[in-house]
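Residues in the sequence shown are numbered from 58 upward in steps of one, following the numbering used here.
Glycine is no exception: its CB is placed at the ideal position from the N, C-alpha and C atoms.
Reading through the structure tokens given below for one structure.
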Amino acid sequence: MSVAGPKEARLLIAGNRFTLEFIGSDLYMGTFKLAPGQMDMVIEEGPRDHVGRNSLCIYHLEGGVLRWCPSRPGSNRRPESFPDVHDQRYLSLVFQRVRRANRR
């Protein structure tokens, strides 16, 4: 669950697949590849004008906290640094890992 940024969102990662849900809005699903500090996301499901496009992202993960900032889907420019999470021009989010109790 996001804890900071211009939109409230949930991010689920399983293997190389992601689901990103903007609360009360759009849902994105697809695959991703990681390199140190960089994430390339391929949008397979979501708003029609974004399906099939890539989003070039930067990320920083430390102690269960993920800082993440994507480019616009289809852009060939990756963000160079993290903008302030309150800057409405960018989608810069901070996620806190949520651990769920084992269900039996």
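Cβ-Cβ distance between residue i and residue j below 7 Å
i: A61; j: V151; result: yes
i: G87; j: M98; result: yes
i: F75; j: A66; result: no
Counted within 10 angstroms of its Cβ, other Cβ atoms place residue i as buried (16 or more) or exposed
i: N111; result: buried
i: L148; result: buried
i: G103; result: buried
i: L77; result: buried
Which listed residue (the options) has its alpha carbon closest to that of residue i
i: G121; options: M98, Q153 and L68; result: Q153
i: L68; options: D106, S138 and L123; result: L123
i: P117; options: N73, D83 and A92; result: Before going on, a small fix: residue 117 reads as His here, not Pro. When each option's Cα is compared against that of H117, the closest is A92.
Proximal residues to residue i (C-beta, below 8 Å), its chain only, five neighbours per side dropped
i: S128; result: S112, L113, C114, R134, R135 and P136
i: P140; result: C126, R146, Y147 and S149
i: N73; result: T88, F89 and K90
Beta-carbon separation (whole angstroms), residue i vs residue j, contact threshold 8 Å
i: V142; j: M58; result: 14 Å between Cβ atoms; not a contact.
i: G109; j: I100; result: 7 Å
Residues of its chain near residue i, where Cβ-Cβ distance is below 6 Å and the 5 sequence neighbours each way are ignored
i: G131; result: R110
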